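In terms of the UniProt record's numbering, the sequence shown has 141 at position 141, counting the first letter as 1, and numbering is strictly consecutive.
Some notes on the structure that comes next.
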Amino acid sequence: MPAQKDHSESTPQGRRPGRPRGTKPTATGRERLLDIALDLFSRQGIANTSLNAIAKEAGVTPAMLHYYFNSREQLLDAMVEERFLPLRSAIGAVFDAHPDDPVTALTLMVKKLAELAGQYHWFAPLWMQEVIGEMPVLRTHLQARFGDDKYQATLANIARWQQEGKLNRALAPELLFTTLLSLVLVPFSRMRNDERLKALSPEIIVRHALAVIGEGIGG
Numbered sequence: 001m002p003a004q005k006d007h008s009e010s011t012p013q014g015r016r017p018g019r020p021r022g023t024k025p026t027a028t029g030r031e032r033l034l035d036i037a038l039d040l041f042s043r044q045g046i047a048n049t050s051l052n053a054i055a056k057e058a059g060v061t062p063a064m065l066h067y068y069f070n071s072r073e074q075l076l077d078a079m080v081e082e083r084f085l086p087l088r089s090a091i092g093a094v095f096d097a098h099p100d101d102p103v104t105a106l107t108l109m110v111k112k113l114a115e116l117a118g119q120y121h122w123f124a125p126l127w128m129q130e131v132i133g134e135m136p137v138l139r140t141h142l143q144a145r146f147g148d149d150k151y152q153a154t155l156a157n158i159a160r161w162q163q164e165g166k167l168n169r170a171l172a173p174e175l176l177f178t179t180l181l182s183l184v185l186v187p188f189s190r191m192r193n194d195e196r197l198k199a200l201s202p203e204i205i206v207r208h209a210l211a212v213i214g215e216g217i218g219g
């Protein structure tokens with residue numbers, strides 16, 4: 001009986017099955033694919049963007065994309081860890097610096113949101129896609145990984161600030177951050193595609209948002 005062929009010898013050591021021959025992983029290639037994925041996600045929504053669509057946009061084969069990211073889940077993990085969480089941490093740092101002064105923290109949050117939306121072109125439209133889309137993939141992904149504890153703690157803090165007289169008691173804790181995000185990120189998202197909003201600037205958006213939350217719409 002002939003000996004069975006050892007298939008492990010036919011695969012060069014260190015090369016995963018399916019890896020394109022003659023290629024080496026590079027940080028630049030990986031970063032470029034993440035950038036392209038984020039751009040497509042922000043335009044089409046995460047749920048509506050396939051790995052094949054990302055590969056096509058990047059001008060690479062699906063095998064090359066799988067070389068860097070084994071699965072859609074791994075790509076989303078990388079996006080969350082390397083692109084989204086640093087932004088969330090930057091926003092959270094504002095509240096860490098002003099734990100007993102929510103008005104100052106929320107004011108600085110508006111400014112930080114505008115800064116981040118200006119720096120990362122995908123941030124505002126991706127948030128919009130998540131809000132208006134039927135499948136909030138990013139929110140679901142974050143909740144699956146980190147649970148609901150942080151959200152509940154945030155609601156508890158808002159309620160505490162209201163009880164202490166530091167925030168308007170008429171505010172709905174569940175809507176506060178969504179409202180602030182909307183005031184900043186909706187204009188940033190729309191100004192790129194709506195001719196009527198082309199004259200907007202980050203400074204105008206921040207000034208408008210702060211006027212709304214600070215003085216309301218009364219004369």
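No residue lacks a Cβ here, since even glycine has one placed at the ideal position from N, Cα and C.
Please read all numbers here as calculations on a predicted model, not as lab measurements.
Alpha carbon of residue i to alpha carbon of residue j, nearest angstrom
i	j	result
Val186	Leu65	32 Å
Ala3	His121	Confidence in Ala3 is poor, its pLDDT being 48 and thus under 50, which makes the residue's placement too unreliable to answer from.
His208	Val60	43 Å
Pro202	Phe188	8 Å
Arg88	Val80	10 Å
Lys56	Asn48	14 Å
Thr104	His98	7 Å
Asp194	Ala144	35 Å
Ala170	Gln163	11 Å
Asp149	Ala63	38 Å
Leu136	Phe123	Position check: residue 136 holds Pro in this sequence, whereas Leu was assumed. Approximately 15 Å between the Cα atoms of the pair.
Pro86	Glu115	13 Å
Lys5	Leu126	Low per-residue confidence applies at Lys5: pLDDT is 46, beneath 50, and the placement is therefore not dependable, though the value from the model is reported in the following sentence. C-alpha separation (whole angstroms): 50 Å.
Ala27	Gly118	24 Å
Asn70	Glu31	15 Å
Phe84	Asn168	30 Å
Ile217	Thr179	15 Å
Ala156	Arg139	20 Å
Glu82	Leu175	27 Å
Leu200	Leu40	24 Å
Ile36	Ala58	7 Å
Glu215	Lys166	16 Å
Arg72	Ile54	11 Å
Ile213	Asn52	43 Å
Asp101	Gln74	39 Å
Tyr151	Phe177	11 Å
Ile204	Met191	12 Å
Endpoints, alpha helix (DSSP H) assigned at residue i
i	result
residue 224	With the chain covering 1 to 219 only, the question about residue 224 has no answer from this structure.
Phe41	27-44
Arg207	202-215
Ser50	Neither: Ser50 is in no alpha helix (DSSP H) and is coded neither H nor E.
Ala63	62-68
Contact under 8 Å by Cβ, residue i with residue j
i	j	result
Thr107	Leu210	yes
Gly45	Gly147	no
residue 220	Leu34	Because the chain is modelled from 1 through 219, residue 220 falls outside the range shown and cannot be assessed.
His141	Leu38	no
Ala153	Pro173	no
Gln129	Ser50	no
Val206	Val110	yes
Leu197	Leu113	no
Tyr68	Gly29	yes
Beta strand (DSSP E) segments (min. 3 residues) lying fully within the region 121-192
Listed in chain order, there is nothing to give.
Could you give the uninterrupted runs of the alpha helix (DSSP H) lying entirely in the region 80-117, keeping only those of 4 residues or more?
Taking 4 residues as the shortest admissible run, the region 80-117 contains the following complete alpha helix (DSSP H) segments, listed from N- to C-terminal end: 85-97.
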